[in-house]
Every structure is written in structure tokens, then in C-alpha cells.
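Going by the numbering used here, the sequence shown opens with residue 48, and the numbers climb by one from there.
By construction, the Cβ of each residue, glycine as well, lies at the ideal position given by its N, Cα and C atoms.
From a predicted model like this one, the values you see are computed outputs, not experimental measurements.
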Amino acid sequence: MNDIWNFFLDLSDGLNAALNGVNPLPVLIIAILIGFFQPKPDRYLLKATLAVVAAFAIQAVWPALLGRPMNFPDFRRLQSIVQLFILLVIGYGTIGLLGSLKTALKFEGKKA
């Protein structure tokens with residue numbers, strides 16, 4: 048019983064660390080740019096994945112531009128996996144919202 052309790056405590060600590068350490072700003076900026084410039088509002092998951100990959104690439108390469116070693120996330124840790132999922136959800140929601148807004152504004156312009 049003690050092993051199960053320790054597993055859930057470790058899981059809780061990993062989720063707490065992931066929520067405290069997530070940085071949604073690069074994904075939000077890239078997702079907003081993709082959302083504004085997307086020609087058709089479809090394939091949100093592919094576009095959100097592109098936004099997350101671009102944000103991770105920027106976060107990994109940025110320290111190298113300042114003369115420090117590159118900072119790659121360790122995807123063997125629960126914290127990094129949960130952060131990746133959270134950022135994917137944020138990117139998907141942002142791109143989907145802007146795609147719906149863009150479509151609604153197009154239809155509103157055709158009505159008038």
C-alpha cells in the first residue's frame with residue numbers, strides 16, 4: 048500500500064511542478080500569428096503542433112544566441128510531458144478561437 052501512496056504523491060508533485068513551470072507566452076504568440084494568417088480554419092491540431100514545436104525550438108536555441116548552452120526539454124520526465132500537453136491545448140484553443148472569429152467576421156462582412 049505504501050508504494051501506491053508514494054506513486055500518487057510523485058504523480059501529484061510532477062503535475063504541480065508542470066503547472067508551476069509552464070511558459071505559455073511563446074506558444075500564445077506563435078498561435079496568434081498562425082491564427083491570424085491561416086488561409087482556412089481547418090487542421091487545428093496540425094497547426095497547434097507546429098506552434099508548440101516552433102516554441103520549443105525557440106526556447107532551446109535562444110540561450111545559444113546569448114552564448115550559453117542550448118536548453119532542451121527532457122521528455123522522459125512527467126513534468127515535460129504534461130507541459131507539452133498543456134501547451135498543445137493552449138495552441139489548439141487559440142488557433143481554433145481565432146479561426147472561428149475570422150470565419151464569423153467573413154460571414155458578417157458578406158451579410159452587410
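Looking at the secondary structure, which residues open and close the alpha helix (DSSP H) in which residue i lies?
| i | result |
| --- | --- |
| Gly68 | Asn49 to Gly68 |
| Lys94 | Tyr91 to Leu112 |
Take residue i as the anchor and find which of the options has the nearest alpha-carbon.
| i | options | result |
| --- | --- | --- |
| Asp60 | Ile137, Ala95 and Leu125 | Leu125 |
| Asp121 | Phe55, Trp52, Asp57 and Ala65 | Ala65 |
Helix, strand or coil for residue i per DSSP?
| i | result |
| --- | --- |
| Lys149 | helix |
| Gln85 | coil |
| Phe161 | Missing from the structure shown is residue 161; the chain here goes from 48 to 159 and no further. |
| Pro73 | helix |
| Phe122 | coil |
Between residue i and chain D, is the shortest Cβ-Cβ distance under 8 Å, so that the two count as touching?
| i | result |
| --- | --- |
| Ala95 | In summary, chain D is missing from the structure at hand, where a single protein chain is found. |
Give me, in chain order, the residues of the same chain whose beta-carbon lies closer than 7 Å to that of residue i; leave out the 5 immediate sequence neighbours on both sides.
| i | result |
| --- | --- |
| Phe83 | Leu145 |
| Gly138 | Val74, Ala78, Ala95, Ala98 and Val99 |
| Lys153 | none |
Grab me the residues of residue i's own chain with a C-beta within less than 6 Å of its C-beta, minus the 5 sequence neighbours each way, in chain order.
| i | result |
| --- | --- |
| Tyr91 | Tyr139, Ile142 and Gly143 |
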